[in-house]
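In UniProt numbering, the protein residues as written are 1 to 622.
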């Protein structure tokens, strides 16, 4: 039975009005393929703050932002009308500083209502918002990356949620000529302005005049790449890039105007393009409500997300596979949580890793049990340099691991690269370059102006491109063993995960300049718990359990038996406790595992993997 026939025997997906897959396919003589939607990109506003003004006028009482706070952790809510008034006052306050166009407003804190309001105000004042990973301030001992970024972008304003929390960071950088803004408490010994005082600035005609000067090419944000290959780069995000990309995402999955108000609960950090652009901007463009989730898909931190989902019924929900695994485990024990989660939901989106098949099945079983319908899983692909999403799976599909097809307004060039294609992008959502680094900008594009993103892909069916494209890893991830043998990381990683199903949900492939390949594996906690017969087993419990180790070892031995060379043969493996870290750059801005950053961050585990006399937790396969 083929895939389409199999789908007919299952409950239908909840209806989504997907855009048609009307894709022009150009096949070139050199083997390259160019894909482009024949459907024009829909119209969009000149700049992001225009959408705040629109909804403040049309629905001033509608809630835009909500976040828990205070000793009782209740929801604090801000309407579109209130937000517009506050943003205009903040804009006036920024203009009164007299710093001129172009000097950024750096935001060191994580997601907050004030962070969102300051971002919009900075844009209205034509000062790029520059959200910086809190890890650079709070987890670093030398603050080298923070100092580097400040020297690169030379901000005029720095905002922190709480002065004492960021005291070490503020005192590590040169604040000469920089205005510090604090939201909660000032930092002792650092001169600063209270956010509340700035938000009380009387508004003059200067605000409207500044907004009128914003053009599509005005720089709205500077977003920083992960820095896995060196110091972070500041990616220019113009207003046109962000508005066009939000339009693309909404055009391929338009909502019904008679349905519930778009509602999103999201935790992804706004210093990251997936959180700050892909999650944040469409909610504003669509006049929706964004609930800021202070939970995380990590042990001990997901309970906050569960609490929030008992009260908030999202229309669209996105998470990484680890988050869905924790959510599925909670919903399997809680029918009320299921009802709240699925009540208004039309789409589940994922990124960060390939969604395991068993997890997909569990979520669909819960959806069918609760609603009688399945809920489609959606994913997209792009980067910080593309604002970010350039392709997506905008059709009903059961297949996971796809990156979809190009959005309207995007051209995707696929250049032959061995058994796969190198992927390149051109479109209105692509950055003009890196801030203050023209040398790096010059290397970004090929001779036709396509951005060389560095990712690889293959067709699901080369004869039928409309079936979509499968992500095939990073072109630069591939490496050589000391024998000179080339290892194609993308395909090996996928094959190894499949072979180790169900106990592994993702992995890092090690072996550069080594004699053999090693694997660092993230366990599939739910599957491991089922295997060992203990629903409460921790990560520490399962990675050492003999049955889990035996299952992993057997799967990888079967994989090795099916290969003919050292480029695909795995000699050693280890199971890891700590999940992939966004702040540690292990999840790329495209939502996939960053192999290089992961291996660097876990260098101690790599050394254990290759030790002359390995410890007991190293699984020997030879």
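Glycine included, every Cβ here is placed at the ideal spot set by N, Cα and C.
These numbers come from a predicted model, not from an experiment.
Assuming residue 266 is part of the alpha helix (DSSP H), what are its boundary residues? For the purposes of this step, residue 266 is taken as residue 266 along the chain shown, with counting starting at 1. Bounds of any alpha helix (DSSP H) do not take in residue 266; it lies within the beta strand (DSSP E) bounded by 263-266.
Inter-stretch contact (C-beta, 8 Å, three-pair minimum) for the region 98-109 and the region 160-168: Touching, yes, given that three or more Cβ pairs across the two stretches are closer than 8 Å.
Are the beta-carbon atoms of residue 430 and residue 424 separated by less than 8 Å? As a first step, residue 430 must be located in the chain shown, where it is residue number 430. As a first step, residue 424 must be located in the chain shown, where it is residue number 424. Their beta carbons are not under 8 Å apart, which means residue 430 does not touch residue 424 by this criterion.
Within 8 Å, do at least three Cβ pairs link the region 335-346 to the region 278-293? Result no; under three Cβ-Cβ pairs closer than 8 Å.
Report the partner residues of residue 131 according to the DSSP bridge assignment. Taking the chain shown and counting its residues from 1, one reaches residue 131 at position 131. DSSP lists 107 as partners of residue 131.
CA-CA distance, residue 26 and residue 248? Sequence index remark: in the chain shown, residue 26 carries index 26 (1-based). Sequence index remark: in the chain shown, residue 248 carries index 248 (1-based). Note on geometry: alpha-carbon atoms of residue 26 and residue 248 lie some 22 Å from one another.
Below 8 Å on the Cβ atoms is my contact criterion, and I expect residue 242 with residue 48 to pass it. Report the Cβ-Cβ distance as a whole number of Å. Here the question's residue 242 lines up with position 242 in the chain shown. Here the question's residue 48 lines up with position 48 in the chain shown. 6 Å between Cβ atoms; contact.
Length of the line joining the Cα atoms of residue 267 and residue 356: One-based indexing of the chain shown puts residue 267 at position 267. One-based indexing of the chain shown puts residue 356 at position 356. Note on geometry: alpha-carbon atoms of residue 267 and residue 356 lie some 21 Å from one another.
With a Cβ-Cβ cutoff of 8 Å, do residue 222 and residue 128 count as a contact? Translated into the one-based positions of the chain shown, residue 222 becomes position 222. Translated into the one-based positions of the chain shown, residue 128 becomes position 128. With a cutoff of 8 Å on beta-carbon distance, residue 222 and residue 128 are scored as near each other.
Rounded straight-line distance, which links the Cα of residue 291 to that of residue 331: Indexing the chain shown from 1 puts residue 331 at position 331. Indexing the chain shown from 1 puts residue 291 at position 291. So the alpha carbons of these two residues sit roughly 20 Å apart.
Using a Cβ-Cβ cut-off of 7 Å (strictly less than) and excluding sequence neighbours within five positions of residue 377, which residues of its own chain qualify? Within the chain shown, numbered from 1, the residue matching residue 377 stands at position 377. Within the same chain, and ignoring the five residues on either side of residue 377 in sequence, the residues whose Cβ sits closer than 7 Å to its Cβ are 348, 350, 355, 360, 400.
Starting from the Cα of residue 196, find the closest Cα among 87, 145, 559 and give me that residue. Start at 1 with the first residue of the chain shown, and residue 196 comes out as number 196. Nearest of 87, 145, 559 to residue 196, Cα basis: 87.
For residue 298, does the three-state DSSP call read helix, strand or coil? By 1-based counting over the chain shown, the position of residue 298 is 298. In the three-state scheme derived from DSSP, where H, G and I count as helix and E and B as strand, residue 298 is classed as coil.
With DSSP as the reference, label residue 1 as helix, strand or coil. Taking the chain shown and counting its residues from 1, the one referred to as residue 1 is at position 1. Only weak support is given to the placement of residue 1: the predicted model assigns it a pLDDT of 43, under 50, and the question is left unresolved by the model.
Could you check which residue in 491, 39, 540, 153 has the C-alpha nearest to that of residue 479? Position 479 of the chain shown, counted from the start, is the residue given in the question as residue 479. Checking every option, the nearest Cα to that of residue 479 belongs to 491.
Restricting to runs no shorter than 4 residues, where is the alpha helix (DSSP H) found entirely within the region 493-533? Counting only runs of 4 or more, we get 525-532.
Run the CB neighbour count on residue 139, radius 10 Å, all protein chains shown included, and call it buried at 16 or more, exposed below. Here residue 139 refers to the residue found at position 139 of the chain shown. By the neighbour-count rule (16 or more Cβ atoms within 10 Å), residue 139 is not buried but exposed.
Inside the region 113-165 only - alpha helix (DSSP H) runs reaching at least 4 residues: Entirely contained in the region 113-165, the alpha helix (DSSP H) runs reaching 4 residues are, in chain order, 113-124, 134-138, 144-153.
Where residue 544 sits in the DSSP three-state scheme: Taking the chain shown and counting its residues from 1, the one referred to as residue 544 is at position 544. In the structure shown, residue 544 adopts coil according to DSSP, grouped into three states.
I need the straight-line Cα distance from residue 168 to residue 130, nearest angstrom please. For this step, residue 168 is matched to residue 168 along the chain shown. For this step, residue 130 is matched to residue 130 along the chain shown. Approximately 20 Å between the Cα atoms of the pair.
Own chain partners of residue 511 with C-beta closer than 8 Å, once the 5 adjacent residues on each side are dropped: Counting from 1 along the chain shown, the entry for residue 511 is found at position 511. Here the set comprises 479, 481, 487, 517, 518.
Spatial distance of residue 417 from residue 276 (CA atoms): Along the chain shown, read from residue 1 onward, the residue named residue 417 stands at position 417. Along the chain shown, read from residue 1 onward, the residue named residue 276 stands at position 276. Distance between the alpha carbons of residue 417 and residue 276 is about 33 Å.
Start-end ranges of the beta strand (DSSP E) lying completely within the region 305-337, minimum 3 residues: The qualifying runs are 316-319.
Are residue 309 and residue 345 closer than 8 Å when you measure CB to CB? Position 309 of the chain shown holds residue 309. Position 345 of the chain shown holds residue 345. The answer is no: Cβ separation not under 8 Å.
So what's residue 394 in DSSP terms, helix, strand or just coil? Indexing the chain shown from 1 puts residue 394 at position 394. Under the three-state reduction of DSSP, residue 394 is assigned to coil, being neither helix nor strand.
Burial state of residue 413 (16 or more Cβ within 10 Å): Locating residue 413 in the chain shown gives position 413, where the first residue counts as 1. For residue 413, the number of other beta carbons within 10 angstroms of its own is at least 16, and it is reported as buried.
Taking the alpha carbon of residue 30 as the reference point, which residue from 564, 500, 421, 607 has its own alpha carbon closest? What you label residue 30 is simply residue 30 of the chain shown in a count that begins at 1. Answer by Cα proximity: 421.
Thinking C-alpha only, which one of 224, 386, 363, 208 is nearest residue 278? For the purposes of this step, residue 278 is identified with residue 278 of the chain shown, where counting begins at 1. Just measuring C-alpha positions, the residue of 224, 386, 363, 208 sitting nearest residue 278 is 386.
Here's a check: name, in chain order, each residue in its chain whose Cβ is nearer than 6 Å to the Cβ of residue 502, leaving out the five neighbours to either side. Within the chain shown, the letter at position 502 stands for residue 502. Excluding positions up to five away in sequence, the list reads 358, 524, 527.
For residue 118, count neighbouring C-beta atoms within 10 Å of its own C-beta (all shown protein chains included) and say buried if the count is 16 or more, exposed if not. In the chain shown, residue 118 corresponds to position 118, counting from 1. Counting other Cβ atoms within 10 Å of its Cβ, residue 118 reaches 16 or more and is therefore classed as buried.
Runs of beta strand (DSSP E) wholly within the region 11-64 (minimum 3 residues, chain order): Counting only runs of 3 or more residues that sit fully inside the region 11-64, the beta strand (DSSP E) segments are 23-27, 33-37, in chain order.
Does the region 88-105 come close enough to the region 196-209 to have 3 or more Cβ pairs within less than 8 Å? They touch, by the three-pair rule.
Can you name, in chain order, every residue of its own chain whose Cβ lies under 6 Å from the Cβ of residue 1, other than the five neighbours on each side? Here residue 1 refers to the residue found at position 1 of the chain shown. With a pLDDT of 43 at residue 1, under the threshold of 50, the predicted position of this residue should be treated as unreliable, and no value is reported.
May I ask you to report which of helix, strand or coil DSSP gives residue 343? Numbered from its first residue, the chain shown carries residue 343 at position 343. In the structure shown, residue 343 sits in coil (DSSP, three-state: anything other than H, G, I, E or B).
Per DSSP, which one or two residues make a beta bridge with residue 455? In the chain shown, residue 455 corresponds to position 455, counting from 1. Partner(s): 474.
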